[in-house]
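Peer 1: I have a structure here, written as structure tokens, and I will follow up with some questions on it.
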Ligand code: GDP
Ligand code: MN
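Numbering (our numbering), first residue to last: 18 to 397.
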């Protein structure tokens with residue numbers, strides 16, 4: 018999960034990394050109010066999940082609140098490489114004497130976190146790596162040793178930072194950034210530029226922050242950063258439930274286990290003359306809880322007129338899926354008919370369980386094509 022600059026900076030701040038004070042705004046009027054509160058010169062920055070905003074006209078200095086409103090009006094709605102700006106971050110403007118670059122990322126090849134530091138910041142790091150590779154200091158961290166003071170010294174001396182005040186501040190930031198990276202389960206924490214002000218103060222002027230999706234469950238505060246307002250409410254609900262779900266515009270709800278089977282199910286429904294209402298992949302597990310969650314998501318779509326439940330048991334067991342379907346019917350009200358095709362591991366037991374319970378509105382089909390035809394007919 019990629020964070021917006023202002024979210025990354027919020028986390029930086031929590032770990033003690035110096036950042037400028039700022040406010041978020043979604044309208045020019047809010048931008049004016051934010052600039053008034055902050056006072057003096059501010060910078061208005063597009064909040065989009067892509068880099069190079071400066072060059073694209075998404076970062077602008079403003080002299081006062083009125084100017085901030087005007088700059089926000091220019092930036093809001095701007096399309097930056099396919100990302101439309103809906104929010105701007107207004108922060109107190111900094112004076113810049115030098116622009117450095119500092120990042121820590123996860124190097125899969127080396128199986129270790131990798132620090133990169135250079136005094137040639139402000140431009141894309143790929144450019145520095147290509148044009149002046151000697152200026153870029155790279156240093157792997159042994160995750161068992163963790164941060165050690167020599168790490169920062171090696172980075173700072175290696176890049177040729179001579180001012181003792183800068184050295185000291187950067188060393189502190191390196192240590193804080195490493196803690197931030199590890200404790201947030203990040204994949205990337207990048208500060209570009211890390212600036213030095215004319216008074217010799219070092220701080221993070223930008224943030225690029227990626228968190229491992231698989232670790233979000235233990236960071237509810239970071240997971241809450243996710244932008245659900247713009248997304249489809251049904252897809253947001255599915256994400257909450259951990260269900261892979263893509264909304265389509267037909268009337269046959271589709272549930273398969275595994276992306277391949279789910280896609281084939283979409284195809285066979287089209288072959289049978291129907292239109293899929295969604296694409297939903299139960300994944301490899303397919304335990305009862307997963308089935309209940311997936312059916313709950315599909316049943317919430319008002320366009321769904323029938324549900325085609327297509328399972329090929331491998332690791333997934335047919336009997337468990339059957340119990341999941343019955344449990345779902347017990348727990349939630351599903352008004353539309355469900356057509357089930359079960360094959361593979363424990364399919365016979367699964368079908369027996371369904372036949373015995375024989376809930377109304379549940380149809381069992383022998384093959385995928387039969388099931389598709391029935392589901393399409395029932396959706397008509
Ligand atoms: P990016 O282009 O998406 O990487 O956005 P940045 O946040 O890195 O900003 C781009 C550039 O705008 C920076 O490299 C700075 O040169 C400039 N900039 C950003 N904030 C300030 C500020 O507070 N004062 C000044 N003078 N320049 C700024
Ligand atoms: Mn930047």
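Cβ atoms here follow ideal geometry from the backbone N, Cα and C, with glycine treated the same way.
1) Grab me the residues of residue 336's own chain with a C-beta within less than 8 Å of its C-beta, minus the 5 sequence neighbours each way, in chain order.
2) Looking at residue 119 and the ligand GDP, is the gap between the Cβ and the nearest heavy atom below 8 Å?
3) Please indicate yes or no: does the CB of residue 222 lie closer than 8 Å to some heavy atom of the ligand GDP?
4) Within the structure, which residues are defined as neighbours of the ligand GDP by a Cβ-heavy atom distance below 7 Å, reported in chain order?
5) Which residue's Cα is closest to the Cα of residue 38: 131, 330 and 22?
6) Count the other CB atoms within 10 Å of the CB of residue 181; is the residue buried (16 or more) or exposed (fewer)?
7) Looking at C-alpha atoms only, which residue of 288, 326 and 361 is the closest neighbour of residue 332?
8) Let me check you understand the geometry: is the CB of residue 225 closer than 8 Å to at least one non-hydrogen atom of the ligand MN?
9) Are residue 60 and residue 78 closer than 9 Å when you measure CB to CB?
10) On the DSSP letters alone, give me the boundaries of the beta strand (DSSP E) that residue 225 sits inside.
11) Is residue 55 closer than 9 Å to residue 40 when the C-beta atoms are compared?
12) Can you say whether residue 391 is buried or exposed, counting buried as having 16 or more other CB atoms within 10 angstroms of its CB?
13) Comparing C-alpha positions only, which one of 265, 240 and 172 sits nearest to residue 118?
14) Count the other C-beta atoms from every protein chain shown that fall within 10 angstroms of the C-beta of residue 113, then say buried if there are 16 or more, exposed otherwise.
15) On the premise that residue 158 lies in contact with residue 196, defined as a C-beta separation below 8 Å, what is that separation, rounded to the nearest angstrom?
16) Inspect the beta-carbon positions of residue 381 and residue 358 and report whether they are closer than 9 Å.
17) Between the alpha carbons of residue 121 and residue 160, how many angstroms are there, rounded?
18) Which residue or residues does DSSP assign as beta-bridge partners of residue 295?
19) If I follow the unbroken alpha helix (DSSP H) through residue 387, where does it start and stop?
20) Are residue 274 and residue 312 close, meaning C-beta to C-beta below 9 Å?
21) For residue 19, which beta-bridge partners are listed by DSSP?
22) Between which two residues does the beta strand (DSSP E) carrying residue 445 extend?
23) Do you know whose CA, among 351, 318 and 201, lies nearest residue 28's CA?
24) Per the contact definition of three or more C-beta pairs closer than 8 Å, is the segment 137 to 150 in contact with the segment 231 to 244?
25) Quick one, which of 152, 372, 377 and 192 has its alpha-carbon nearest residue 170's?
26) Whose C-beta lies closer than 6 Å to the C-beta of residue 18 among residues of the same chain, with five residues either side of it excluded?
27) Among the candidates 85, 225 and 107, whose CA atom is the shortest distance from the CA of residue 69?
28) Closest by CA to residue 373, which one among 339, 396, 198 and 383?
29) By a C-beta neighbour count over all protein chains shown, 10 Å radius and 16 as the cutoff for buried, is residue 93 buried or exposed?
30) When every heavy atom of the ligand FMN is checked, does at least one fall within less than 8 Å of the C-beta of residue 337?
31) Would you kindly report the start and end of the unbroken alpha helix (DSSP H) that includes residue 314?
32) Tell me whether residue 32 sits in a helix, a strand or coil according to DSSP, three-state version.
33) Going by DSSP, what residues sit across from residue 117 in a beta bridge?
34) So, is residue 217 buried or exposed, given that buried needs 16 or more other C-beta atoms within 10 angstroms?
35) As a quick exercise: from 134, 348, 49 and 147, pick the residue whose alpha carbon is nearest that of residue 105.
36) In chain order, what residues of the same chain have a beta carbon less than 8 Å from the beta carbon of residue 386, not counting five sequence neighbours either side?
Peer 2: In short, the structure shows the following:
1) 363, 366, 367 and 370
2) no
3) yes
4) The filter returns 22, 37, 60, 62, 68, 69, 70, 71, 72, 75, 76, 78, 108, 110, 111, 112, 113, 116, 139, 209, 210, 222 and 223, in chain order.
5) With distances taken between Cα atoms, residue 38 lies closest to 22.
6) exposed
7) 361
8) yes
9) yes
10) 225 to 228
11) yes
12) buried
13) 172
14) exposed
15) Wrong, their Cβ atoms sit about 12 Å apart, outside the cutoff.
16) yes
17) 13 Å
18) Partner(s): 264.
19) That run of the alpha helix (DSSP H) goes 385 to 396.
20) no
21) 227
22) Limits of the chain in this structure are 18 at one end and 397 at the other, which puts residue 445 out of reach.
23) 201
24) No, because fewer than three Cβ pairs between the segment 231 to 244 and the segment 137 to 150 fall closer than 8 Å, the two stretches do not touch.
25) 192
26) Here the set comprises 228 and 230.
27) Distances from the CA of residue 69 to each of 85, 225 and 107 were compared; the closest alpha carbon is that of 225.
28) 339
29) buried
30) Among the ligands in the structure shown, the ligand FMN does not appear; only the ligand GDP and the ligand MN can be found there.
31) 305 to 316
32) Correct three-state label for residue 32: coil.
33) 211
34) exposed
35) Distance from the Cα of residue 105 is smallest, within the candidate group 134, 348, 49 and 147, for 49.
36) Residues of the same chain with a CB within less than 8 Å of the CB of residue 386, apart from the 5 flanking positions on each side, are 285, 288 and 289 in chain order.
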